Each structure stands twice: as C-alpha cells, then as structure tokens.
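Encoded as structure tokens, the structure appears first; notes follow it.
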Amino acid sequence: MPPPFPASASSSARPQPRPAWNTNRNLVVTHPLLSLLESCASFRRLLQLQALLTVSGLAAHRFPASRLLAFCALSDPPHLSHGAAILAQCAEGPNAYMLATMMRGFIRAGQHGHALALFRRVLRDRLPSDARTIVFALKAAAAVSSSAAEAVHCVALKRGFIGKSALVGNALVHLYARSVSLADARKVFDEMADRDVVSWTTLMEGYVHGGLPDEAWRVFCRMVAAGRVWPNVVTLVAAASAAGQIGLLGLGRMVHRCVAESGCGVSVNLENALVDMFGKCGCLASAKEIFDGMANKDVYSWTSMVSAYARCGDLESAAQLFEEMPNRNAVSWSCMVAAYSQANQPEEAVRMFKDMLAEGVEPIGATLVSVLSACAQLGCLDLGRWLYDTYIVSNKVQLTVNLGNAFIDSFAKCGDVSAASRLFGNMEDKNVVSWNSMIMAHALHGQSEEALHLFQQFKGTGILPDEITFMGVLSVCSHSGLVSEARCHFKEMRMIYGIEPRAEHYACMIDLLGKVGLLDEAFEVARTMPVGADVAGWGALLNASRMHGNVEIGECAVDKLLGLDPSDSGIYVLMSQLYASKNKWGQVKRLRTVIRDRGVKKNPGCSSIEVDGKFHEFLAADVSHVHSGDIYAALKNIYAIGANGMLCNFYKPLLASSENQNVHFHGRRANDEKAECNLIVWDWSFGVRPAILSLLALRRDSKVIKWWRQEEAAMQPPASSSMGTSERGVKEDDTFT
C-alpha cells in the first residue's frame, strides 16, 4: 500500500495548529503520523515520530523525509547535523525541495560555506535543482564573496533560469543592487521576461540605498505607467524614500496620493516613510498631520517626526518631542545628536551624547559620525580618541568607510594629523571621501608635499577625484605658493576629469596669484571667471591687495564685496588696514564714519577649549577670565617672538613659573608685520593636553599659535590651578585698527 502523500486542501479539512518552522500553510496530510509531524514543536517529539515513521516504513520516502528535514533545518534552534543525516539516509534520494531546505537551514544558521558546499554537491552529482536551489545558493555566495556570487550567476545562466524565472531574477537584482553593481542589477532586470512587484520594488530599493533617488523615481513611474503590476506597501515605502531624497514636495504629494488610491492598506512603516518624506521635503504641516493621525506609533514614528522638525530648523520642537517620546533607541538619540551637530551647536550635540550614555544606550555608527562632527567643530581631540578606543578598538562598533572618514576629518581638524594618517593607512576600504579627507587634512596643516604626494597615489587607485579633491589640492598649492602646480591641476580637473571649476576653485587661484604678487592676473581671473566671483574670491583679492599695498585693486574688490554682503565687517577691517599701510589716514577716518553710519557691527573672534569635560570660550579683548592677566602676559611674549622673526618648531618656556608645564610655539616664519594669533589658551590642569579650535577666520597670512604640554619641561602653574566655572577667556584684540 503506497504511503498517504499530501492531498490538496478541502473545505472540510480542519487545519491543525502549526509551529513556527512549518511555513507551508496550505499543506494538508491525512496520515495520523504525518499530521502529528506537521504540528511537532520539540526535537524530542520529532525523534519519537521519526522512530515511528521508520518502523512503519514511511521514513524511507521523500515526502516524510522532507518534513523531518524541514523541522531540523527551520526550527529554532536548528538541528542541522541531524538534518544532514536524514538527507544522506533518504532511500529514494533527495529531491530539489529537500536540498533547497537544507541550504536554507545552513544560511539561517550563518553557515554559508556549508550551504555552498551542498550546492557544489548538487552540481557535481547532478542532483535535482530548481529555482529555489539557485536562490539559496546566491544568498550563500553573496555572503562569501562577489566572485562566488558571479559563479552561481553563471550556473543559473547555463541552466536556463535567467530571463525565465522571476524568482531567480529577483534574487539576482537584489544581490547586485545591494552589494555589487547597480548597473548589473539593471541589466538583469531588463533581461527579465516576467517581472512581478518584487522585481520593480527590489530595483527601486537598490537605487534608493545607492543614493540614486532620481533613478528610483523613474523606475516607479515606469511601473505605474505599464499598468501590469500595482505597487504594494513596500513599493510605496521605496517611492516615498526616493521622493524624500530628491526633496521635491510635488513628488511627495504624488506618492501620498498613490498611497490613498492603492487600496493596499496603510502600515506603520509606510506612515513612517511618509512622515520622513514630508520632513525632507520641508512640509512640516503634512508630516505632523500624518503623525498625529497614526493609530499606532512605534519608536521610528516618533524619530521620523523629531527628524522632520530638526530638518526644518525647529530644534526647540524637535527637542520637546524627543522628551515626550515613550521609548527611545539608539536611532532616536542619534537623530538629536545629528540635529545639533548639523545646526552648528556642537556643545549641545556632545551634551546629548553624554545623556545618551548616561541612559545606558549604546551608540551606533551614525551616532559616532555625528559626535565626531561636533568634536571637529569644538577641537575636542580627547573625546575623539576616547570614541576610537572605546568603540572601534574594542570592536563594539564596526569601522565602516563613512565612520573612518569621520574619524580622519575629526582628528585632522583637532590637530592630530598623525592619527588621521595612521587611521587612513589602516583602512581596508576607501572611497573618494576618504582620500579627500586625508588630502584636506594635510592641506589644513600646511603639509603640501604630503598632500600632493597623496593626490598622485589617489590617481592610481582607479577612483575618480571630484571637485572637493581639487579644492584640497588647490588649497595646498595656495598655502605653499605653488603657482605652476596650481595652474596644472586647475587645467587637469577640466581637461582630464571633466569637472567644471566652481567659485571656490577660482577663489583658491585668486588667493594664490594674489599672495605671490600677481595681482593683475588675480584681478583678471576674478573679473572674467564664468561662474562669477563670490565673497571668497573678492575677499581673497582684497586681502592680497592689503598685503601688497595695491589700493586701486583693493577698492575694486571692496565695491564688489559691498554689493554681495554690505554687512560683512571684515571688508571694512581689511580696507582700513590697507589705507593705514599707505598712510591714507583721511580715508581711514572716512571709512570709520561709513562703518558708524551703516551700523556695521564687528563680531568678536571666538575660540573654545575643553578642559576636564567643560568647554571654555575665548572672546576677543575679553578680560573676564580669572587668569586673563597671565594669558595677556604670555601673548605679549609671543608677539616679541614673532617680531624677532623666529623660526617654527622650537620649544621655549614663555612663563618660567611652573614645574610641570611648557608651551610649544608652532607657526611659520614671522613676517615683518605683527603675527596675528588665531587663538591663545592656557591649560592649568596637570596632565591635560588641550584640544583647541579657532572659530575665527582671520586673513590668510595669519599665524597659528598652538600650545602643547611637554613632559620634559619644568614650569609651575599659577596660584589657582583650576579653570573654575568661568567659560569666558581672552584672545588677541582684532577689533578695528
């Protein structure tokens, strides 16, 4: 008597309760033992049923063996070794379903190598295979290497699955869209004869995650226009994400209308996507309307609304809603940290990060990227190092390319270019941002040879430089006076790489030509550049005119600058200095009258430092700090050093009053003019190496004063060794002269 294999479902059959491993909801069996097997929920029970099936002779047949195997492969936890034994002992030999099920079990357990080994056995022994076998082989291969995935693709091509099986086609589109190449994903998609909603949605998601929202939107429009497949919830989520990335409110309205007309129901994920979309499109009213109308809100609903407020510049409402959130996760905290960092409120970003740690929430990669941006703004080197040691060295957070770039940028802007260089060298994967960050790091510290050498290495990697790359290269040339090199690279970016120079690139060339005394050529560049010189370009020309005493060109630059930004006090400062250098005191007096009549206000220069976890601000001409007398005395000594034309990179005790402190003057050779300092700071704490950031952009030939604690020095701190509660310090007076 043949075994009772499964029959089709009938209206009279009463469904049996099924455990989680049993995903085949339409399967109906009539044999009592097989019926018990379908509802089996424990491995011990399975062994009992297997013994009974073996005694009855049913275990030798493929269907009962396949159900035993399904339990072993798909239960939680899986019993893969027992499943492999069942597969090997099947008297009739395994069928395609059994092999695919076993491969699926290996993949669920993270044993991708075992899944691929089983697939190789299928090929070697010519065992039966179907589309599911190929799909699971692709999933396993994608986790191993791109070459393994391409090999499975070749097998699918030889066996005739490409273009005929939507299941295999969708798997290939997903594989290439997420991990290999969007171009290859599109090629597979175009070759598919039968596309379902998964095909269209997978390609759209690939474009969205790949930063190509315009392409995703085109695919969505093509899908709707074809009319053969109607979008589902996942498709609409992808469309909303694309519209949000594009940032056009009209597209957002179209997606919202499609959601209303789709009839597929509204899920929390879709509503979250709509809130996020309207926030990115700048329509707070629509975002809030959807948020307020949601019957069920999860943590991402709240986070999306907080993010919408932050993107639209309403940080107060964002913070208030954040405080009202019933539950917060790492994404929620990261959203607020990023909001403050992007709004140029780095102190609040760091405070929010500290609150996050105090709440016991572990940061994710996105959190660290935002905190590092705040560190770069504050010059907070110690916090950046702590983040690296705590989360990267200990492997708590994976060092992705974006996170590595953030560390490089932060370390460089905080003064530790050596640490940035070491991290860059240790990064296995680098993108154009990585190279740009390191080139800009060297440029920031005046290391022209290193920056240009790195640029030559970059060109040999096969990664194409972009406009930011050449911005760094031209900046290096400008700082170092490399006119011929700058001209060569300026021509190279257009002729070889097809990058049209922007106003910033022209400003670098104007600055360079002006510095070396080629004022007429610099003026001609500013006057004839196709994109039109901006404040940076004309400002560079004005500064060069002041340096070389060219009143005529300086006045032309001032006329242009006042037309662009008449409230910029720096214009009047530079022109006043130019007139004073030529003894045109009448013009200086007239300029002061213009300043007073127009109500132009000079914002004081500002720098900040973190000492013992507290940020201290240094303002121009400020004597409110408890140690202002000592700081001004140190500043007086530094002026004396600059006036004597001392060379850079030397150590000199400036105040012989301590046992444990020394200062290091690090700057370029002083000009005949007074050396203008970007910042002055005094570290009264033992063992603290200050991390400093100047927030004041002075003229381009200004000197940078950095104070470093030296272990070998012997100096005594002043009577009060604490910074106290003061947050105000002093800095060189850079008011109108």
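Counted from 1, the sequence shown has number 1135 at position 465 by our numbering; the numbering is strictly sequential. Just so you know, even glycine gets a beta-carbon here, dropped at the ideal spot from N, CA and C. Here the structure is a predicted model, which means the values were calculated and not measured.
Selected residue, minimal CA-CA separation from tyrosine 1242, among Arg1268, Asn1220, Lys1252, His1218: For this step, residue 1242 is matched to residue 572 along the sequence shown. Of the candidates Arg1268, Asn1220, Lys1252, His1218, the one whose C-alpha sits nearest the C-alpha of tyrosine 1242 is Arg1268.
The segment 769 to 783 in contact with the segment 703 to 720 per 3-pair CB rule at 8 angstroms: no
Segment contact, 8 angstroms Cβ cut-off, at least three pairs: the segment 1195 to 1205 with the segment 1150 to 1167: no
Classification of alanine 690 by the beta-carbon crowding that lies within 10 angstroms, buried from 16 upward: Counting from one through the sequence shown, the residue named residue 690 turns up at place 20. Answer is exposed; the Cβ neighbour count stays below 16.
Contact under 8 angstroms by Cβ, serine 1215 with leucine 1248: The residue you call residue 1215 lines up with position 545 of the sequence shown. The residue you call residue 1248 lines up with position 578 of the sequence shown. Yes; because the gap between Cβ atoms is below 8 angstroms, this pair is in contact.
Counted within 10 angstroms of its Cβ, other Cβ atoms place serine 736 as buried (16 or more) or exposed: Sequence index remark: in the sequence shown, residue 736 carries index 66 (1-based). Label assigned to serine 736: buried.
Separation of valine 1071 from proline 846, as counted between CA atoms: On the sequence shown, residue 846 is found 176 positions in, with the first residue counted as 1. On the sequence shown, residue 1071 is found 401 positions in, with the first residue counted as 1. For the sequence presented, residue 846 should be read as tyrosine rather than proline. Roughly 20 angstroms between the two C-alpha positions.
Inter-stretch contact (C-beta, 8 angstroms, three-pair minimum) for the segment 749 to 767 and the segment 702 to 709: no
Candidates Cys928, Ser932, Phe741, Met995, of which the one nearest phenylalanine 961 by Cα: In the sequence shown, the residue the question calls residue 961 occupies position 291. Taking only the C-alpha atoms, the option nearest phenylalanine 961 is Met995.
Range covered by the alpha helix (DSSP H) that runs through glutamate 941: What you label residue 941 is simply residue 271 of the sequence shown in a count that begins at 1. Start and end: 938 to 950.
Rounded separation between arginine 688 and cysteine 742 - CA only: In the sequence shown, counting from the first residue as 1, residue 688 sits at position 18. In the sequence shown, counting from the first residue as 1, residue 742 sits at position 72. Approximately 15 angstroms, taken between the alpha carbons.
Through-space distance from aspartate 860 to arginine 778, alpha-carbon basis: By one-based count along the sequence shown, residue 778 stands at place 108. By one-based count along the sequence shown, residue 860 stands at place 190. The straight-line gap from Cα to Cα measures roughly 30 angstroms.
Under the three-state DSSP convention, the category isoleucine 777 falls into: On the sequence shown, residue 777 is found 107 positions in, with the first residue counted as 1. Correct three-state label for isoleucine 777: helix.
Option in Ala1173, Gly1132, Gly1130 with minimal Cα separation from leucine 1144: Indexing the sequence shown from 1 puts residue 1144 at position 474. Considering only alpha carbons, the answer is Ala1173.
Simplified DSSP assignment, three categories, for alanine 1383: Here the question's residue 1383 lines up with position 713 in the sequence shown. Only weak support exists for where alanine 1383 lies, its pLDDT of 39 falling under 50; the value from the coordinates is given anyway. Alanine 1383: coil per DSSP, three-state reduction.
Per-residue burial, proline 1033 [other beta carbons within 10 Å of its own, 16 or more giving buried]: Within the sequence shown, numbered from 1, the residue matching residue 1033 stands at position 363. Counting Cβ neighbours within 10 Å, proline 1033 comes out buried, since at least 16 surround it.
Delimiting residues of the alpha helix (DSSP H) encompassing alanine 821: To locate residue 821, count along the sequence shown from 1; it is residue 151. Unbroken alpha helix (DSSP H) run through alanine 821: 816 to 828.
CB of alanine 1210 within 8 angstroms of CB of aspartate 1181, strictly: Here the question's residue 1210 lines up with position 540 in the sequence shown. Here the question's residue 1181 lines up with position 511 in the sequence shown. In contact: alanine 1210 and aspartate 1181 (Cβ atoms closer than 8 angstroms).
Local Cβ density within 10 Å of isoleucine 1375, reported as buried at 16 or more and exposed below that: In the sequence shown, counting from the first residue as 1, residue 1375 sits at position 705. Interpretation of isoleucine 1375 is limited by its pLDDT of 37, a score under 50 that renders its predicted location unreliable; the figure taken from the coordinates is listed afterwards. Its Cβ being crowded by 16 or more others within 10 Å, isoleucine 1375 is buried.
Simplified DSSP state of valine 1031, which is helix, strand or coil: Counted from its first residue, the sequence shown places residue 1031 at position 361. It is coil, neither helix nor strand.
Contact the segment 928 to 942 vs the segment 896 to 915: 3+ CB pairs below 8 angstroms: yes
Close Cβ partners of histidine 1115 (< 7 angstroms) along its chain, the five nearest in sequence each way excluded: For this step, residue 1115 is matched to residue 445 along the sequence shown. For histidine 1115, where only same-chain residues beyond five positions count, the Cβ hits under 7 angstroms are Val1087.
Any chain B beta carbon closer than 8 angstroms to glycine 1240: Considering every chain present, this structure includes no chain B. It has just one protein chain.
Backbone secondary structure at tryptophan 1208 - three-state DSSP: In the sequence shown, counting from the first residue as 1, residue 1208 sits at position 538. If DSSP states are grouped into helix, strand and coil, tryptophan 1208 belongs with the helices.
6 angstroms Cβ shell around asparagine 765 - same chain, five flanking residues per side excluded: For the purposes of this step, residue 765 is taken as the residue at position 95 of the sequence shown. The answer, listed in chain order, is Arg732, Pro798.
Residue environment, glutamate 941, which counts as buried when at least 16 other CB atoms sit within 10 Å: Numbered from its first residue, the sequence shown carries residue 941 at position 271. That one is buried.
Span separating the alpha-carbon of cysteine 1147 from that of methionine 1108: Counted from its first residue, the sequence shown places residue 1147 at position 477. Counted from its first residue, the sequence shown places residue 1108 at position 438. Rounded to the nearest angstrom, the two C-alpha atoms are 15 angstroms apart.
Close-in-space but distant-in-sequence residues of the same chain around threonine 1139 (CB under 8 angstroms, 5 per side omitted): To locate residue 1139, count along the sequence shown from 1; it is residue 469. Val1102, Trp1105, Asn1106, Ile1109, Phe1125, Phe1128.
Contained beta strand (DSSP E) runs [length at least 3] in the segment 1151 to 1200, N- to C-terminal order: none
With 16 other Cβ atoms within 10 Å as the buried cut-off, status of leucine 1027: For this step, residue 1027 is matched to residue 357 along the sequence shown. Per the 10 Å Cβ criterion, exposed.
Cβ-based burial, arginine 1260 [other Cβ within 10 Å; buried from 16]: Taking the sequence shown and counting its residues from 1, the one referred to as residue 1260 is at position 590. Its Cβ having fewer than 16 others within 10 Å, arginine 1260 is exposed.
For lysine 1024, the three-state DSSP class (helix, strand or coil): Taking the first residue of the sequence shown as position 1, residue 1024 is located at position 354. Reduced to three states, the DSSP call for lysine 1024 is helix.
Alpha helix (DSSP H) segments (min. 4 residues) lying fully within the segment 1028 to 1089: 1035 to 1048, 1051 to 1057, 1071 to 1083
Cβ-Cβ separation, tryptophan 1003 to methionine 975 (assumed contact under 8 angstroms), whole Å: Counting from 1 along the sequence shown, the entry for residue 975 is found at position 305. Counting from 1 along the sequence shown, the entry for residue 1003 is found at position 333. That pair is no contact at about 15 angstroms.
Reference lysine 834, options His844, Met862, His1149, closest by Cα: Residue 834 sits at position 164 when you count from the first residue of the sequence shown. With distances taken between Cα atoms, lysine 834 lies closest to Met862.
Assigned secondary structure, histidine 1115 (DSSP; H/G/I helix, E/B strand, else coil): The residue you call residue 1115 lines up with position 445 of the sequence shown. Here histidine 1115 sits in coil by DSSP.
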